[in-house]
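Reading through the structure tokens given below for one structure.
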Amino acid sequence: MALRAALVAMLPAVVAAEKYAVIAAGSAGFMNYRHQADACHAYQIMLQSGVPADNIILMMQDDVANSSENPFPGQLFNKPGENPPDVYKGCKVDYSGDIVTGQLFMDVLTGNTEGAKGKVLKSGASDTVFVNFVDHGGPGIIAFPNGPVLTVKQLSKTLKTMQSKKMFKQMVFYMEACESGSMFPDLEKDGKILAVSASNADESSWGTYCGDAAMVKGKNVGSCLGDLFSVNWMQDDDAGKFKSETFRSQISKVTKLTNKSHVCSFGDKSFEDETIGSVETASSLSASPSDTAQGAVDARDVYLTQAMWAWQHATDKESKQKAWTRVTGIMKDREADEALFAGLAAAACADVNPERLVQCQHKFLHERMEMTHMDCHHELALAVHEHCPASEYHHSAGGWNGFNMKFARVLLNICEGQEALGKSTEQLVHLVQEHCTKASRDRTAEMQILV
């Protein structure tokens, strides 16, 4: 008997393959309603399609459903209509509030229980993992509601750590963010990671069901209900085609439907012809199709267009004045951001031959260079977060916000030109710190004058 027990103990354990999901919404504030609605919709798809609740990890600020601005307290809707599903009902948020950071996202993905004090990914070599990130982004950066942005350097390192720890047999990563195509530069063709982005590396993604299209049960929600890429892949999954539809088929379909940006795929495409059910367990969900592009708005302009919509539809003097204050505040912050990064380009070119000064500034502001200096870009991106002024009207956690993240392109270009400038990364970081600190002082002085 003892011998049999010993032999059994020596046999390799047969572990059934499991499915896991990590979902993150990286924004805060009612004007970012769509991100948390997207995230809860993704949670519902994972849960109702059979992924165990214990294997789903959801992180988001969770400040929208019960916002005073929400006309449906305690509810979130990801599509318009007379009776759309409340995606917040049963949406179990594992991490919320000020602990939702880029560092938490990395800790959860890599199973780091020292960093994340709650649920972490516990997948193994035989398991499949689905990751969904929804929020603002820019060239080489994505945002979180608290703390600094997550850079492409950090995300690349995180994915490599997951690979080295053998945390999956296959992983699919859907990313909804502006310039999200810039976040997967070094995925290998045989690395078992398939990444799909809402846009390429040089363009915005789009919000949808905005303005007049945000009608639910006869009321206008007052914010965009979803993001175009996310709504397209989720409404396709809602149709319950897990058993038969392949990733290749879904990506092709979603690419056509997401007609405001260019959906891209990266990495290992060897399992594109496998059914979606291989990652998301088969289900019999049903959904009625809708025109997902109605009320679509460039994600960079959602704050401004929604503020304008609120002003145009305000029914009393107080509401109209409040909305107009928001409109003018957003416009002022956008102008300040444009001036800040134009000034940063000028400062970087300050030592260039005067005859080439304009050409240098134009190059840094407008060219679309390929990123090779990832370390430099990472350091400058963190310097902007730490030292540049935060936008009062964009719910920004630091110097970056949903509008100005497109100017991460300026940092990328400056880093790629650092040899020509004759400046080290440390010198460029100092330049950004000085320029941003001055801008912050100027912004504070201006606010004091207004007060």
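Quick note on numbering: the sequence shown equals residues -17 to -1, 1 to 434 in mature numbering (1 follows the signal peptide of the UniProt record, and there is no 0). In this text, a Cβ means the ideal position worked out from N, Cα and C, and glycines have one as well.
Residue i in three-state terms, based on DSSP
| i | result |
| --- | --- |
| ASN38 | helix |
| PHE113 | strand |
| PRO272 | With a pLDDT of 47 at PRO272, under the threshold of 50, the predicted position of this residue should be treated as unreliable, though the coordinate-derived value follows. Coil. |
| SER180 | strand |
| ASP118 | coil |
| ALA197 | coil |
| GLY190 | strand |
| THR93 | helix |
| LYS202 | strand |
| SER267 | Its pLDDT being 40, under 50, SER267 is placed unreliably by the model, and the measurement read from it follows with that caveat. Here SER267 sits in coil by DSSP. |
| VAL237 | helix |
| GLY326 | helix |
| GLN58 | coil |
| THR229 | strand |
| VAL415 | helix |
| LYS2 | strand |
| GLN44 | coil |
| residue 437 | Only positions -17 to 434 of the chain appear in this structure, which leaves residue 437 out of reach. |
| SER423 | helix |
8 Å contact criterion, which residue i and residue j should meet: CB distance rounded
| i | j | result |
| --- | --- | --- |
| GLY98 | PRO131 | About 15 Å; that fails the 8 Å criterion. |
| THR191 | GLY209 | 5 Å |
| SER182 | GLU162 | 6 Å |
| GLY205 | ALA197 | 7 Å |
| HIS349 | SER423 | In fact, because the Cβ distance is near 26 Å, the residues do not count as touching under 8 Å. |
| PHE324 | PHE390 | 4 Å |
| MET354 | GLY174 | Wrong, their Cβ atoms sit about 19 Å apart, outside the cutoff. |
| MET145 | GLY107 | With a Cβ gap of about 11 Å, MET145 and GLY107 do not count as contacting. |
| VAL199 | PRO67 | 6 Å |
Straight-line gap, residue i to residue j (C-alpha atoms, nearest Å)
| i | j | result |
| --- | --- | --- |
| SER267 | SER32 | Residue placement at SER267 cannot be trusted, given a pLDDT of 40 that sits under 50; what the coordinates show is reported in the next sentence. One C-alpha to the other measures close to 8 Å. |
| MET89 | ALA8 | 14 Å |
| LEU30 | GLY164 | 28 Å |
| ASP334 | ALA328 | 12 Å |
| TYR71 | SER51 | 16 Å |
| ALA364 | VAL47 | 28 Å |
| GLU1 | ILE39 | 11 Å |
| ASP425 | GLN416 | 14 Å |
| GLU65 | ALA282 | 26 Å |
| CYS148 | LEU177 | Looking at the sequence shown, residue 148 is not Cys but Lys. Taking the straight line from one Cα to the other gives about 18 Å. |
| LYS202 | PRO54 | 8 Å |
| ASN115 | ILE259 | 15 Å |
| HIS427 | SER374 | Looking at the sequence itself, residue 427 is Thr, so the reference to His does not match. Approximately 12 Å, taken between the alpha carbons. |
| ALA276 | LYS421 | 41 Å |
| PRO272 | GLN233 | Low confidence applies here, because PRO272 scores a pLDDT of 47, under 50, leaving its location unreliable; read the following figure in that light. Cα to Cα, PRO272 sits roughly 15 Å from GLN233. |
| GLN218 | ILE6 | 17 Å |
| LEU133 | ALA331 | 24 Å |
| GLY194 | ALA297 | 13 Å |
| LYS105 | TRP216 | 26 Å |
| ASN49 | PRO372 | 28 Å |
| ARG339 | GLY405 | 15 Å |
| VAL341 | MET314 | 26 Å |
| VAL34 | TYR3 | 7 Å |
| LEU395 | SER248 | 22 Å |
| MET388 | ALA160 | 11 Å |
| THR93 | LEU87 | 10 Å |
| VAL83 | VAL91 | 11 Å |
Selection from the options that minimises the alpha carbon distance to residue i
| i | options | result |
| --- | --- | --- |
| GLN344 | ILE313, ALA364, ARG392 | ARG392 |
| GLY250 | GLY194, PHE167, GLU228, ILE259 | PHE167 |
| ALA22 | GLN137, LEU394, ASP45 | ASP45 |
| residue 468 | PRO56, PRO67, ASP77, GLN58 | For residue 468 there is no data in the structure shown, the boundaries of the chain being -17 and 434. |
| LEU240 | THR144, SER253, ALA279 | ALA279 |
| GLY73 | LYS172, LEU414, GLY381, TYR26 | TYR26 |
| VAL246 | LYS236, GLU255, PHE254 | LYS236 |
| ARG231 | MET217, GLU255, SER10, THR93 | GLU255 |
| ASP169 | GLY194, ALA160, LEU142, SER180 | LEU142 |
| CYS419 | GLY121, SER180, GLU321, VAL179 | GLU321 |
| residue 438 | ASN61, SER106, ALA11 | Any question about residue 438 goes unanswered here, given that the chain covers just -17 to 434. |
| ARG317 | GLN58, HIS296, MET145, TYR286 | TYR286 |
| PHE212 | PHE13, ASP274, GLU429 | ASP274 |
| MET42 | ALA306, GLU301, PHE127, HIS356 | PHE127 |
| GLN401 | HIS356, MET388, GLU429 | HIS356 |
| GLY12 | SER248, HIS377, GLY326 | HIS377 |
| ASP81 | SER10, VAL91, VAL34 | SER10 |
| ILE28 | ALA160, VAL214, LYS136 | VAL214 |
| ILE125 | HIS368, LYS75, LYS243, LYS300 | HIS368 |
| CYS207 | ALA306, LYS252, GLU257, LEU59 | LEU59 |
| TRP294 | ASP284, TRP307, GLU301 | TRP307 |
Within-8 Å CB hit, residue i to chain C
| i | result |
| --- | --- |
| TRP189 | Given the protein chain composition of this structure (a single chain), no chain C is represented. |
Stretch pair the stretch 153 to 170 + the stretch 107 to 117: three plus CB contacts closer than 8 Å: yes
Answer yes if the stretch 168 to 188 comes into contact with the stretch 395 to 414, meaning at least three C-beta pairs across the two stretches below 8 Å, and no otherwise. no
Validate contact between the stretch 353 to 367 and the stretch 289 to 297 using beta carbons, cut 8 Å, 3 pairs: no
Is it true that the stretch 91 to 106 meets the stretch 13 to 32, where meeting means three or more beta-carbon pairs spaced less than 8 Å apart? no
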